[in-house]
Amino acid sequence: MGIKKMYMRKYFVIMFFALACGLSACSNNDVAVNDNGFDRGTLLVNVADNLIIPSFQDLKAKVAALETTSNTFIATSDATNLDALQSAWEAAMTSFVKCSPFAFGPADLPLGTFVEVLGTFPISTTKIETNINNTGFNLSASFDRDVRGMMTVEYLIYSLNGDAAVLTNYGTGSDNRKNYLKTVITEIKTNIDNITTAWEGAYRTTFTSNTETSAGSPISLLYNSFVKDYENIKNFKLELPAGLQAGQTSAEPTKVEAYYSGISLTLIKEHFATTEKIWLGTGLNGTDGIGFEEYLNAVEGGAALVTQTKAKVAEINSAIAAIPAGRLSDNIGSTQVSAAHTLMQDNTANFKSSMSSLLGISITFSDNDGD
26 MGIKKMYMRK YFVIMFFALA CGLSACSNND VAVNDNGFDR GTLLVNVADN
76 LIIPSFQDLK AKVAALETTS NTFIATSDAT NLDALQSAWE AAMTSFVKCS
126 PFAFGPADLP LGTFVEVLGT FPISTTKIET NINNTGFNLS ASFDRDVRGM
176 MTVEYLIYSL NGDAAVLTNY GTGSDNRKNY LKTVITEIKT NIDNITTAWE
226 GAYRTTFTSN TETSAGSPIS LLYNSFVKDY ENIKNFKLEL PAGLQAGQTS
276 AEPTKVEAYY SGISLTLIKE HFATTEKIWL GTGLNGTDGI GFEEYLNAVE
326 GGAALVTQTK AKVAEINSAI AAIPAGRLSD NIGSTQVSAA HTLMQDNTAN
376 FKSSMSSLLG ISITFSDNDG D
């Protein structure tokens, strides 16, 4: 009986280690996919050199211009300088969404990705005003995302009551508000400068030299950030303000991105155009290169998905173009917004489960889409 127990114990120990090793192999090695020798390095180099780096370089320049015009406005708070500041913000924000899909690597900040830290919306106007009135407030010591970033700058330089209301806020006794504006923009600039410098330096080599597909590899980081960013457009720029999420009973127009400036629809168009560029491999300057389209065409069953995805993307572009011009917050409950959201939801499987399966790249982020 004792010998039998000893053998049984050895059997279970062996089985345990065999199972553990099997699980380890599954989690650490690339998923076997016949990609017919597709060179993932060409995709990574193209995306790095023609999309990621030039996009962050453009954002860096736009944020520098934002800081310059902000300093001018703080010194002389008149209508001319406010108009220049608003134009600089719109240019920087448009550039920001073009970088949004690249929220990994150097763009992963202590409080979250640069999109989460510098692009959160809606912001908390109550918290912001409290911070402004608190002379001892230290932004760098705050963990709140909804009191900083590009949308906080928007709130500070736009008003639903017009520019006259903004200028009133920057009249006599507005030093705290001016200091807050300056501090928020400085934080944005510091982070964007650091991200850009990292990509221009060693991280580009790190990103382009590893062609594995396992979790944490460059292609996995790019793909997962691409999919998550696409879902952010669908879930937070359309679904949430339109009142289409589970539990919502009506539209919530104040939750659109860029509520105060009213450029929400423009940002959605630019954002989705960037999504399409990454998938196609098109550079920031419009030059066609190697992207996920070519990668998919190299794997078995990929060509059919490419055709299916292209058709759906064309439908989405048409649907977004059909959303009435003007403030998205005024039209967020329209049938056109609902139609665009539905098409984006339909396409989620193409970008997510189907691509993930065909390319052998696991989805590493959590969501509630069920796709």
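So that you can map any letter, position 243 of the sequence shown is 268 in the working numbering, and since no number is skipped, the others follow by simple counting. We put the CB at the ideal spot given by N, CA and C, even for glycine.
At least 8 Å separates the beta-carbon of Ser378 from that of Ser387.
Burial of Thr94 is indicated by the presence of at least 16 other C-beta atoms within 10 angstroms of its C-beta.
For the stretch 195-269, the full-length alpha helix (DSSP H) segments reaching 4 residues or more read 200-225, 227-234, 243-257 along the chain. In its chain, beyond the 5 residues on either side, Tyr228 have a beta carbon closer than 6 Å to the beta carbon of Gly130. Out of Phe251, Lys259, Phe139, the CA that lies nearest to the CA of Phe390 is found in Phe251.
Spanning the alpha carbons of Thr155 and Pro79 requires a straight line of approximately 38 Å. The beta carbon of Leu305 sits closer than 6 Å to the beta carbons of Gly316, Glu318 from its chain, once the five residues preceding and following it are set aside; these are given in chain order. Residue environment: Gln273 is assigned as exposed (fewer than 16 neighbouring CB atoms within 10 Å of its CB, all protein chains considered). In the three-state scheme derived from DSSP, where H, G and I count as helix and E and B as strand, Leu185 is classed as coil. In summary, Gln111 is buried, with 16 or more beta-carbon neighbours lying within 10 Å of its beta-carbon over all protein chains present. In the DSSP annotation of this structure, the continuous segment of the alpha helix (DSSP H) that includes Ile303 starts and ends at 289-305. In the DSSP assignment, Leu134 forms a beta bridge with Gly137. The C-alpha of Leu330 is placed about 9 Å away from the C-alpha of Asn322. Contact holds between the stretch 199-213 and the stretch 167-183, because three or more Cβ pairs, one in each stretch, are under 8 Å apart. Sequence-distant Cβ neighbours of Asp169 in its own chain, meaning closer than 7 Å and more than five residues away, are Lys152. Assignment of Asp313 by DSSP, reduced to helix, strand and coil, places it in the strand class. Within the same chain, and ignoring the five residues on either side of Arg65 in sequence, the residues whose Cβ sits closer than 6 Å to its Cβ are Thr236, Ile244. With contacts defined by Cβ atoms closer than 8 Å, Pro126 and Asp254 form a contacting pair. Counted as a single uninterrupted DSSP element, the alpha helix (DSSP H) harbouring Ile345 occupies residues 327-347. Between Leu247 and Val72, the C-beta spacing is below 8 Å.
In terms of Cα proximity to Thr119, the closest of Ala104, Thr145, Ala100, Asp83 is Asp83. In this structure, the alpha-carbon of Asn159 lies about 29 Å from that of Phe121. Here His366 has Lys259, Leu263, Glu264, Ala267, Leu269 as same chain residues with Cβ atoms under 7 Å from its own Cβ, once five neighbours each way along the sequence are excluded. DSSP places Ile78 inside the alpha helix (DSSP H), whose first and last residues are 78-100. Taking the C-beta atoms as reference points, Leu192 is found no nearer than 8 Å to Ala100.
DSSP places Gly272 outside any alpha helix (DSSP H), giving it a letter other than H or E. One alpha carbon belongs to Ile220, the other to Leu181, and they sit about 25 Å apart. The Cβ-Cβ distance between Gln361 and Ile341 does not fall below 8 Å. Secondary structure note for Arg173: it is in no alpha helix (DSSP H), with a DSSP letter that is neither H nor E. Assigned with DSSP and collapsed to three states, Glu318 falls in helix. Taking C-beta atoms as the reference points, Leu76 and Tyr320 fail to come closer than 8 Å. By the C-beta density criterion, Ala350 is exposed, having fewer than 16 other C-beta atoms within 10 angstroms. Between Asn216 and Phe139 a beta carbon distance of about 6 Å is seen, short of the 8 Å cut, so the two are scored as contacting. Counting along the chain, Asn163 sits inside no alpha helix (DSSP H), nor does DSSP assign it H or E at all. For Arg352, no alpha helix (DSSP H) encloses it, and the DSSP letter there is neither H nor E.
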